[in-house]
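There are 4 protein chains.
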Amino acid sequence: MLPPGEPKFRRRPADRPEEILAAALEVFAERGFAAARVEEVARRAGVSKGAVYLYFETKEALFRAVVTQSIAPNLNQVIGLTAVEVPFESTVRAVFTMISQRMASDWRMSGVIKLVIAESRNQPELARIWHEAMIAPALGLASRLIEAGQRQGAVRHGDARYFAMGLMGPVLLSTLWRETFEPIGAEPVQIDRLIAQHVETCLKGMRP
Amino acid sequence: MLPPGEPKFRRRPADRPEEILAAALEVFAERGFAAARVEEVARRAGVSKGAVYLYFETKEALFRAVVTQSIAPNLNQVIGLTAVEVPFESTVRAVFTMISQRMASDWRMSGVIKLVIAESRNQPELARIWHEAMIAPALGLASRLIEAGQRQGAVRHGDARYFAMGLMGPVLLSTLWRETFEPIGAEPVQIDRLIAQHVETCLKGMRP
Amino acid sequence: MLPPGEPKFRRRPADRPEEILAAALEVFAERGFAAARVEEVARRAGVSKGAVYLYFETKEALFRAVVTQSIAPNLNQVIGLTAVEVPFESTVRAVFTMISQRMASDWRMSGVIKLVIAESRNQPELARIWHEAMIAPALGLASRLIEAGQRQGAVRHGDARYFAMGLMGPVLLSTLWRETFEPIGAEPVQIDRLIAQHVETCLKGMRP
Amino acid sequence: MLPPGEPKFRRRPADRPEEILAAALEVFAERGFAAARVEEVARRAGVSKGAVYLYFETKEALFRAVVTQSIAPNLNQVIGLTAVEVPFESTVRAVFTMISQRMASDWRMSGVIKLVIAESRNQPELARIWHEAMIAPALGLASRLIEAGQRQGAVRHGDARYFAMGLMGPVLLSTLWRETFEPIGAEPVQIDRLIAQHVETCLKGMRP
DNA sequence: GATGAATGAGCGTTCATTCAT
DNA sequence: GATGAATGAACGCTCATTCAT
């Protein structure tokens, strides 16, 4: 009874939007917003060009969805750590171990970070959302952690926000390194080893 | 350099390429390569659209020129420091003081860095050029400096390249912060202060 | 006609084509052929988009059906008047009273007239059908009536077809007025009063 | 010195917009707004698709320009007649002689009238503009003329606006006849003869 | 050299039509 | 029969590039 050959249409389950989002993240991360072609997103998602528009109003809406959906899963993980009450240095090690594991395993984050940076002028609303939902909370959490360390006498005098940025900077560097220079043949960075070494350096350097 | 008596508002054709490059950097940094319009570059350079094509074969050639011309001035300055032979920590402080001053004063570098990151997949040749001409030499220089420090017993055991990235990471972070989040109202970062604090933290943390 | 006991809100499949045609006339009259969307027709008919294609091969076939089905009911009514043999002026008054009542009550005719006019170049076959089935018979009927009046000495010398058009013109004008200018706030026309006054004027003006 | 073959570009004088408008009127009148293709307008104007967008922002703006530019020349001509003070019947004859000549010679008016009618729901602003700039003034002028005739005892009792519509109706009918039914082979209407006969009929029928 | 009107390939988006369910 | 997700041709609009002036 099955007709020979491939059926022209195939009804798929409700995960179509996710498949399109995944394909869109790939294409946007590779090409940037303007150079990405909707048809290419559709091709990688295994659907026709028109199907993309069944789920997303415009190319820009698709882009927004790509960026905003990247926030939730990471946010929860970071928030989870605030509850734990442990000595300062152990907490910093735990947070950055988690971050480096996420960065190493979740290839999607690197792409989104690059997109937010690259498109911030064209889509300031996305930069704002990312700042408010991801950057500011994470930076605030780290700053408060450091300030607590300073009050406990575990951390020397200094701007807590700059200490936090000093810890985070190499995370960003290694992420963008992987996105930018590894594809053209630069020596790979082992993110977990880089971060582990850097965290120890900073912890020692931040002691009174 | 200007012939005396020449009124300075008189545009001399010989300046055209530089003016176009400056305008192009502005527009590319704001919009990215694909979303940048040649006509907008021409407008900001005060020339006609056709004039851009008198000096640059294509939009892509213009982009390549923007990125490659940004290398030379910075490269010389870094190379200059290798000649000087001073104690390890003083050299690190001197290098990063210079870097933070350049980053704070030369708004063009931030834009180019962002462009190289954003367009690395579309224009891998540019990422390669930047890596070979800027990143690898600078990283190699820093690594060799640190290795020398380790041989002198001034720096503890550890991967020299990761120490260098640990030092550089916050420079990149603050640069992209200024490009990405300050325009949407995020709290500004004082790059020189951040870097100064971070360098002291790392120097202390890198001691044996 | 309805079987007794059948609840009237129960949609019977046999009504589908009529419901679709009614919805299609609405949408085509509002938007014109090209701007009308099949999905909107389906929505107003309370069926799915696919259902339209169960009854009509293509959008164009649906449009043809809308236009051609509008012919029959009116044709019978006009033809009915030819049988009656009454004095000239009474017949003219009777015909135009009927026309003005139809025009005032049957909002569908106005829409179809507008469609035939608007789409005559894209669908010349429809203009031809309408001309052959509606316009030419009606105009021929009126012309023969007037020629009879002229032979009886009740109507002055002149082109009978132009007299007929002189009588019909304001009917068309008021119909299109209602379609075109009343929706944007122009003063409404009372079609029956306009036609009554105009018929008297023409009858008097056509006397020898 | 002339290169053989056709030059790829040819700079034309400042009448480009008019050429495009003329071509656009043709295409819109034939196809309606939605079915008209910008590329076809460009082809008939002898320019490329992109050139249309040098002079008109969007297809809709082009359509608006087509409709609004049709108003001015006719308006002046009608207004000119209000100044003249002549006996009632002579004035009516003069006005309609002028109208029939315009309609017979200026093929553009018929197309625009059809467009305004057909697109009034999609582009109500245009129907409003046409009503305010053409229809209402002309109808008001005719009504005032007839009311003056009534005060002079030259016109019998009756609604002046309906008398005016009675006079104008056949003008619209014959115009749309030419647009709609003559292209499909219907017998042509000699607009000037129809109107001349109709005006005499109405004038006689409007006498007290 | 310099200009900017003109070109036309390319892409976002729509929607008539199809067909697996 | 009915549905509506899916398709893909078509078309509006943009903008890098060209070239007559």
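Protein chains in written order, with UniProt numbering: chain Z, 1 to 208; chain C, 1 to 208; chain R, 1 to 208; chain V, 1 to 208. Just so you know, even glycine gets a beta-carbon here, dropped at the ideal spot from N, CA and C.
Inset, instruction - Please report the residue range of the alpha helix (DSSP H) in which residue 254 of chain V lies. - result: Given a span of 1 to 208 for chain V in the structure shown, any question on residue 254 of chain V remains unanswerable.
Legend entry - Rounded straight-line distance, which links the Cα of C:S48 to that of C:D15: As a working mapping, residue 15 of chain C is identified with position 15 in the second sequence. As a working mapping, residue 48 of chain C is identified with position 48 in the second sequence. If I take the Cα positions, the gap works out to 15 angstroms.
Legend entry - CA nearest to the CA of V:V155, picked from V:E132, V:A45, V:V92 and V:M134: Translated into positions along the fourth sequence, residue 155 of chain V becomes position 155. The shortest C-alpha separation from V:V155 is found at V:V92.
Inset, instruction - Just the chain R side, please: which residues come within less than 7 angstroms of V:R31 by C-beta, in chain order? - result: Taking the fourth sequence and counting its residues from 1, one reaches residue 31 of chain V at position 31. Within 7 angstroms Cβ-Cβ: R121 and N122.
Inset, instruction - For the region 97-120 of chain R, enumerate the residues whose C-beta is nearer than 8 angstroms to any C-beta of chain V, in chain order. - result: Listed by position, the residues of the region 97-120 of chain R near chain V (Cβ gap below 8 angstroms) are K114, V116, I117, A118, E119 and S120.
Legend entry - Rounded C-alpha distance that separates C:G115 from R:E39: Your numbering for residue 115 of chain C matches position 115 in the second sequence. Your numbering for residue 39 of chain R matches position 39 in the third sequence. Gly is not the amino acid found at residue 115 of chain C; the sequence shown has Leu there. Distance between the alpha carbons of C:L115 and R:E39: 45 angstroms.
Inset, instruction - Using the Cα positions of Z:T58 and Z:I20, report the straight-line distance between them to the nearest angstrom. - result: On the first sequence, position 58 is the one that residue 58 of chain Z refers to. On the first sequence, position 20 is the one that residue 20 of chain Z refers to. Taking the straight line from one Cα to the other gives about 13 angstroms.
Inset, instruction - Measure from the C-beta of V:T201 to each C-beta in chain R and report whether the shortest distance is under 7 angstroms. - result: Sequence index remark: in the fourth sequence, residue 201 of chain V carries index 201 (1-based). Yes, V:T201 counts as interfacial toward chain R.
Inset, instruction - Find the residues of chain Z that neighbour C:G140, judging by a C-beta separation of less than 8 angstroms, and give them in chain order. - result: Within the second sequence, residue 140 of chain C is the residue found at index 140, counting from 1. None at all; the shortest Cβ gap to chain Z is about 11 angstroms.
Legend entry - Interface positions of the region 165-179 of chain V facing chain R (Cβ-Cβ less than 9 angstroms), listed along the chain: M165, G166, L167, M168, G169, P170, V171, L172, L173, S174, L176, W177 and E179
Inset, instruction - Indicate the three-state DSSP secondary structure (helix, strand or coil) for V:R108 in the structure shown. - result: What you label residue 108 of chain V is simply residue 108 of the fourth sequence in a count that begins at 1. Helix, per DSSP.
Legend entry - Run of the alpha helix (DSSP H) containing C:A136, from where it starts to where it stops: Translated into positions along the second sequence, residue 136 of chain C becomes position 136. Per DSSP, C:A136 belongs to the alpha helix (DSSP H) from A136 to Q152.
Legend entry - Spatial distance of R:P188 from V:G32 (CA atoms): The residue given as residue 188 of chain R occupies position 188 in the third sequence. The residue given as residue 32 of chain V occupies position 32 in the fourth sequence. Cα to Cα, R:P188 sits roughly 26 angstroms from V:G32.
Legend entry - Unbroken alpha helix (DSSP H) run spanning C:R43, endpoints: Counting from one through the second sequence, the residue named residue 43 of chain C turns up at place 43. Counting along the chain, the alpha helix (DSSP H) containing C:R43 begins and ends at V38 to A45.
Legend entry - Three-state class that DSSP yields for C:F56 in the structure shown: For the purposes of this step, residue 56 of chain C is taken as residue 56 along the second sequence, with counting starting at 1. C:F56: coil per DSSP, three-state reduction.
Legend entry - heavy atom of the ligand FMN below 6 angstroms from C:E26 C-beta: No copy of the ligand FMN occurs in the structure displayed, which carries no ligand at all.
Inset, instruction - Compare the beta carbon distance of Z:P124 and C:I184 with 7 angstroms and say whether it is the shorter of the two. - result: As a first step, residue 124 of chain Z is located in the first sequence; it is residue number 124 there, counting from the start. As a first step, residue 184 of chain C is located in the second sequence; it is residue number 184 there, counting from the start. Their beta carbons are under 7 angstroms apart, which means Z:P124 touches C:I184 by this criterion.
Inset, instruction - Tell me, please, whether the CB atom of C:K204 is closer than 7 angstroms to any CB atom in chain Z? - result: Looking up residue 204 of chain C in the second sequence gives position 204. Chain Z contact via Cβ: present.
Inset, instruction - Report the option in Z:A34, Z:L203 and Z:A51 whose CA atom is closest to the CA atom of Z:G149. - result: Position 149 of the first sequence, counting from 1, holds the residue named residue 149 of chain Z. Residue Z:L203 is the option with its Cα nearest to Z:G149.
Legend entry - Selected residue, minimal CA-CA separation from V:G111, among V:G166, V:T68, V:G140 and V:A196: Along the fourth sequence, one-based indexing puts residue 111 of chain V at 111. Ranking V:G166, V:T68, V:G140 and V:A196 by Cα distance to V:G111 puts V:T68 first.
Inset, instruction - Flag C:I184 as yes if its beta-carbon sits less than 7 angstroms from any beta-carbon of chain Z, otherwise no. - result: Counted from its first residue, the second sequence places residue 184 of chain C at position 184. It does: the Cβ of C:I184 has a partner Cβ on chain Z nearer than 7 angstroms.
Legend entry - 7 angstroms Cβ cut-off: residues of chain R touching V:V158: Residue mapping note: residue 158 of chain V aligns to position 158 of the fourth sequence, counting from 1. Residue identity differs from the one stated: residue 158 of chain V is Gly in this sequence, not Val. Listed along chain R, the residues sitting closer than 7 angstroms to V:G158 by beta-carbon distance are Q197.
Inset, instruction - Please decide whether Z:A61 counts as near chain C, where near means a Cβ-Cβ distance under 7 angstroms. - result: As a first step, residue 61 of chain Z must be located in the first sequence, where it is residue number 61. No, because no Cβ of chain C sits closer than 7 angstroms to the Cβ of Z:A61.
Inset, instruction - Go ahead and label C:P87 buried or exposed: buried means 16 or more other beta carbons lie within 10 angstroms of its beta carbon, across all protein chains shown. - result: The residue you call residue 87 of chain C lines up with position 87 of the second sequence. So C:P87 counts as exposed.
Inset, instruction - Determine the contact status of C:L62 and C:A24, defining contact as a CB-CB distance below 7 angstroms. - result: In the second sequence, residue 62 of chain C corresponds to position 62, counting from 1. In the second sequence, residue 24 of chain C corresponds to position 24, counting from 1. Contact: yes.
Legend entry - C-alpha gap between C:F56 and C:A36, whole angstroms: On the second sequence, position 56 is the one that residue 56 of chain C refers to. On the second sequence, position 36 is the one that residue 36 of chain C refers to. Between the alpha carbons of C:F56 and C:A36 lies a gap of roughly 15 angstroms.
Inset, instruction - Please work out which residues of its chain come closer than 7 angstroms, Cβ to Cβ, to Z:H198, disregarding the five sequence neighbours upstream and downstream, and give them in chain order. - result: Taking the first residue of the first sequence as 1, we reach residue 198 of chain Z at position 198. Result list for Z:H198: P170, in chain order.
Inset, instruction - Just the C-alpha distance for R:P4 and R:A196, rounded to the nearest angstrom, thanks. - result: Within the third sequence, numbered from 1, the residue matching residue 4 of chain R stands at position 4. Within the third sequence, numbered from 1, the residue matching residue 196 of chain R stands at position 196. Confidence at R:P4 is low in this model, with a pLDDT of 48, below 50, so the placement of that residue is unreliable and no value is reported for it.
Legend entry - For Z:A186 and C:H131, believed in contact at Cβ under 8 angstroms, the rounded distance: Walking along the second sequence from the start, residue 131 of chain C turns up at place 131. Walking along the first sequence from the start, residue 186 of chain Z turns up at place 186. With a Cβ gap of about 5 angstroms, C:H131 and Z:A186 count as contacting.
Legend entry - chain V within 7 angstroms of R:A148, Cβ atoms only: As a first step, residue 148 of chain R is located in the third sequence; it is residue number 148 there, counting from the start. So no, R:A148 is outside the interface.
Legend entry - Three-state class that DSSP yields for C:A155 in the structure shown: Translated into the one-based positions of the second sequence, residue 155 of chain C becomes position 155. It should be noted that the sequence gives Val, not Ala, for residue 155 of chain C. Coil at C:V155, not helix or strand.
Inset, instruction - Look at R:G205 and V:T201 and say whether their C-beta atoms are less than 7 angstroms apart. - result: The residue given as residue 205 of chain R occupies position 205 in the third sequence. The residue given as residue 201 of chain V occupies position 201 in the fourth sequence. Their beta carbons are under 7 angstroms apart, which means R:G205 touches V:T201 by this criterion.
Inset, instruction - Return yes when the Cβ of R:A133 is within less than 7 angstroms of the Cβ of R:I191, no when it is not. - result: Counted from its first residue, the third sequence places residue 191 of chain R at position 191. Counted from its first residue, the third sequence places residue 133 of chain R at position 133. Cβ distance not < 7 angstroms, so R:I191 and R:A133 don't count as in contact.
Legend entry - Proximal chain C residues relative to Z:F181, where beta-carbon distance stays under 8 angstroms: In the first sequence, the residue the question calls residue 181 of chain Z occupies position 181. Simply S120, A127, H131 and I135.
Inset, instruction - State buried or exposed for C:A94, treating a residue as buried only when at least 16 other CB atoms are found within 10 Å of its CB. - result: Position 94 of the second sequence, counting from 1, holds the residue named residue 94 of chain C. Exposed.
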